[in-house]
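Take a look at the structure set out below.
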Amino acid sequence: MNILFSSTKEKPKFWFPLLQKLLPGDRFFAWPEINGGDIDVALVATHQPGTFANLRKLKLIQSLWMGVENIVGDTDLPRGVPVARLIDPGMVAAMGETVIAYVLDWHRHFYCYRSFQHQRTWKRRRQYLASDRSVGILGLGELGGTIAASLRGMGFNVAGWSRRPKQLEGVHCSTDLDEVLARSDAVVCLLPLTAQTRGILNKDRLQKIRRDGCLINVARGGHVVIADLLAALDSKHLAHAYLDVFEPEPLPADSALWTHPGITLTPHIAALSEPRTSVGKIAENIERVRRGEAPFNTVDFAAGY
Ligand code: NAP
């Protein structure tokens, strides 16, 4: 197989040696080298513009990221070629650590104690038990489903929203977004970015989260209407927001978000693709295509993810 790597974010030098070990008979190319268009598999993550334009023999587009909105939205996407999402156990673990860190930061009031320290103020806030708190997870997929179970295991009440009905032990699963928001103190966004989910966390929805709660957005910047979030923080309806993703990225240096006292932000690092834990899954999909079988974890274009 001829395998092309195209990404503006991921670096072939970290992926090729591991992939070559698992696929010793295959040939690897890094964009813009496309072997005259004779490419069987494209490995992509925020791919270079025009990547798919001249690839007529493609059999598989394999994402190197869990989110696929850049691929789904590419007008050059060849029809009929399966697009596979990356399901990386290393990323799932990393996202769990990030979300739990943020939930605990809010739950244990550490965001307040950091500012008290800054002001040399010795002040205690009321202690809550995990069982006093409810966490709502928007998206109960690979990431949201796993994290819901972890938070439940820590004693939090957990509710989750998904498109199709779900059952997760100990988790209040619902397809009614407003119901999930209304029972949540902390809301974690782990949705894919689609036409249905863009701008979903707007003024009305943010107001439905319980007072003094927090928003954790580790999905995509386009899910949150930032002006509405700032209003919810400034009115003290929400106590704090944790933002890992933005539109655009990188966040411009003059953005008001950098210095807002109600916001903790990170540069899209909630869970990075981890070549060591994901090349096995990628090689497995390439082997499946080589045998003429359907790859795992393909995108449902009607749903948009
Ligand atoms: P996934 O397995 O596809 O799960 C998506 C979940 O969202 C599913 O439960 C799905 O419902 C639900 N959903 C989708 N559209 C919906 C709608 N219109 N209404 C209600 N629920 C809807 O995705 P994942 O692997 O967990 O990843 C989620 C997102 O995390 C990715 O798309 C990516 O953007 C983001 N991410 C961010 C980082 C970071 O570093 N910040 C890292 C990795 C991923 P169903 O269960 O019914 O399908």
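Each residue of the sequence shown is one higher than the last, beginning at 54 in my numbering.
All residues carry an ideal CB built from backbone N, CA and C; glycine is no exception.
beta-carbon residue i near ligand 1 non-hydrogen atom, thresh 7 Å
{"i": "Val271", "result": "yes"}
{"i": "Leu27", "result": "Summary: the structure shown does not reach residue 27, with the chain confined to residues 54 through 358, and so no result is reported for it."}
{"i": "Leu193", "result": "yes"}
{"i": "Thr61", "result": "no"}
{"i": "Ser227", "result": "no"}
{"i": "Asp297", "result": "yes"}
{"i": "Leu268", "result": "no"}
{"i": "Tyr358", "result": "yes"}
{"i": "Trp214", "result": "yes"}
{"i": "His100", "result": "no"}
{"i": "Lys219", "result": "yes"}
{"i": "Leu196", "result": "yes"}
{"i": "Ala146", "result": "no"}
{"i": "Ala324", "result": "yes"}
{"i": "Met207", "result": "no"}
{"i": "His321", "result": "yes"}
{"i": "Met54", "result": "no"}
{"i": "Thr247", "result": "yes"}
{"i": "Thr174", "result": "no"}
Boundaries of the beta strand (DSSP E) in which residue i is found, first to last residue
{"i": "Ser187", "result": "187-191"}
{"i": "Thr199", "result": "Here Thr199 belongs to no beta strand (DSSP E); instead the alpha helix (DSSP H) covers 195-206."}
{"i": "Gly81", "result": "Per the sequence shown, residue 81 should be read as Phe rather than Gly. Start and end: 80-83."}
{"i": "Tyr295", "result": "291-296"}
{"i": "Ala95", "result": "94-98"}
{"i": "Phe58", "result": "55-60"}
{"i": "Val134", "result": "No beta strand (DSSP E) contains Val134, which DSSP labels as neither H nor E."}
{"i": "Ile114", "result": "113-116"}
{"i": "Ser227", "result": "224-227"}
{"i": "Ala306", "result": "Taken as a continuous stretch (DSSP letters only), Ala306 belongs to no beta strand (DSSP E), as it is neither H nor E."}
Residue from the options with nearest C-alpha to residue i
{"i": "Asp281", "options": "Leu108, Leu117, Ala294", "result": "Ala294"}
{"i": "Asp353", "options": "Val121, Ile56, Glu222", "result": "Val121"}
{"i": "Gln115", "options": "Ala355, Phe349, Arg132", "result": "Phe349"}
{"i": "Asp238", "options": "Ala292, Ile335, Arg217", "result": "Ala292"}
{"i": "His276", "options": "Ala137, Glu300, Ala284", "result": "Glu300"}
{"i": "Ala306", "options": "Pro320, Pro314, Gly315", "result": "Pro320"}
{"i": "Pro65", "options": "Thr330, Ala137, Phe81", "result": "Phe81"}
{"i": "Thr128", "options": "Val188, Thr104, Ala347, Leu111", "result": "Thr104"}
{"i": "Gly149", "options": "Ala309, Ser308, Ala272, Pro303", "result": "Ala272"}
{"i": "Gly274", "options": "Gly266, Ser288, Trp84, Arg251", "result": "Arg251"}
{"i": "Lys261", "options": "Gly197, Ile253, Ala235", "result": "Ala235"}
{"i": "Arg178", "options": "Ser187, Val188, Ser184, Arg167", "result": "Arg167"}
{"i": "Pro77", "options": "Ala336, Gly345, Arg138, Leu111", "result": "Ala336"}
{"i": "Cys226", "options": "Val241, Gly192, Ile253, Phe209", "result": "Gly192"}
{"i": "Ser187", "options": "Gly213, Glu195, Gly194", "result": "Gly213"}
{"i": "His100", "options": "Arg138, Asp141, Thr151, Ile124", "result": "Ile124"}
{"i": "Ala356", "options": "Gly89, Thr228, Pro245, Leu111", "result": "Pro245"}
{"i": "Leu108", "options": "Leu230, Glu63, Trp84, Ser331", "result": "Trp84"}
{"i": "Ala318", "options": "Val298, Thr330, Leu71, Glu302", "result": "At residue 318 the sequence reads Leu, which differs from the Ala that was named. It is Val298 whose Cα lies nearest to the Cα of Leu318."}
{"i": "Arg263", "options": "Asp231, Val278, Leu113", "result": "Asp231"}
Where residue i falls, given that 16 or more other Cβ within 10 Å makes a residue buried
{"i": "Gln360", "result": "This structure cannot speak to residue 360, because the chain is shown only from 54 to 358."}
{"i": "Ile92", "result": "buried"}
{"i": "Leu57", "result": "buried"}
{"i": "Trp311", "result": "exposed"}
{"i": "Leu182", "result": "exposed"}
{"i": "Ala147", "result": "buried"}
{"i": "Phe67", "result": "exposed"}
{"i": "Gly89", "result": "exposed"}
{"i": "Gly333", "result": "exposed"}
{"i": "Glu346", "result": "exposed"}
{"i": "Thr247", "result": "buried"}
{"i": "Ile322", "result": "exposed"}
{"i": "Asp141", "result": "buried"}
Start and end residues, alpha helix (DSSP H) containing residue i
{"i": "Ile153", "result": "142-160"}
{"i": "Ile279", "result": "279-287"}
{"i": "Gly213", "result": "Segment 210-214 is the beta strand (DSSP E) holding Gly213; no alpha helix (DSSP H) there."}
{"i": "Thr317", "result": "Run containing Thr317: none in the alpha helix (DSSP H); it sits in the beta strand (DSSP E), 316-318."}
{"i": "Ile269", "result": "From DSSP, Ile269 is part of no alpha helix (DSSP H) but of the beta strand (DSSP E) over 266-270."}
{"i": "Gln359", "result": "Nothing about residue 359 can be reported from this structure: the residues present for the chain run from 54 to 358 only."}
{"i": "Leu404", "result": "With the chain running from 54 to 358 in the structure shown, residue 404 is simply not present."}
{"i": "His171", "result": "163-171"}
{"i": "Val342", "result": "328-343"}
{"i": "Val125", "result": "122-125"}
{"i": "Phe69", "result": "65-75"}
Beta carbon proximity, residue i to chain C, threshold 8 Å
{"i": "His160", "result": "Note that chain C does not occur in the displayed structure, where there is just one protein chain."}
Does the region 167-185 come close enough to the region 84-104 to have 3 or more Cβ pairs within less than 8 Å? no
Between the region 245-258 and the region 201-208, do at least 3 Cβ pairs fall closer than 8 Å? no
Specify whether the region 146-163 and the region 210-227 touch according to this definition: at least 3 beta carbon pairs, one from each stretch, less than 8 Å apart. no
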